[in-house]
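Structure record follows, encoded as structure tokens.
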Amino acid sequence: MAKISRLLDAVKELEIVVPEFQREYVWSLEQAKELMVSLFQEYPTGSVLIWETNSPPEIKNNAVRRERMGWI
């Protein structure tokens with residue numbers, strides 16, 4: 046299992062991203078950290094979808110988003 050610090054680094058480096066499906070992403074980095082800590086502490090959650098893709102980076106709103114792995 047990955048360490049929380051490694052996952053947080055992956056979020057900062059855009060290795061783990063939240064794709065925009067129906068709405069724009071509005072969580073702060075602190076909220077995302079709290080979710081990951083909750084997951085590692087095995088608190089109950091709703092559904093979580095994780096997938097890996099080899100798609101090239103997507104340019105949206107003048108920002109490059111590496112879509113190698115996404116979280117909802």
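One gets my numbering by counting positions in the sequence shown from 1 and adding 45 to each.
Using N, Cα and C, we set each Cβ at its ideal position, and we do this for glycine too.
Computed from a predicted model, the values in this text were never measured in an experiment.
Where the beta strand (DSSP E) through residue i begins and ends
{"i": "residue 95", "result": "95 to 97"}
Run of the alpha helix (DSSP H) containing residue i, from where it starts to where it stops
{"i": "residue 83", "result": "74 to 85"}
{"i": "residue 71", "result": "It is not in any alpha helix (DSSP H) - residue 71 carries neither H nor E in the DSSP assignment."}
{"i": "residue 50", "result": "49 to 57"}
Beta-carbon contacts of residue i that lie in its chain and below 8 Å, excluding the five residues immediately before and after
{"i": "residue 108", "result": "The predicted position of residue 108 is uncertain, since its pLDDT is 49 and thus under 50; a value taken from the coordinates is nonetheless stated next. Excluding residues within five positions, none has a Cβ falling inside 8 Å."}
Contact check, residue i vs residue j, beta carbons under 9 Å
{"i": "residue 74", "j": "residue 61", "result": "no"}
{"i": "residue 82", "j": "residue 49", "result": "yes"}
Contacts around residue i, its chain only, beta-carbon distance under 7 Å, and the 5 residues preceding and following it disregarded
{"i": "residue 78", "result": "53"}
{"i": "residue 56", "result": "77"}
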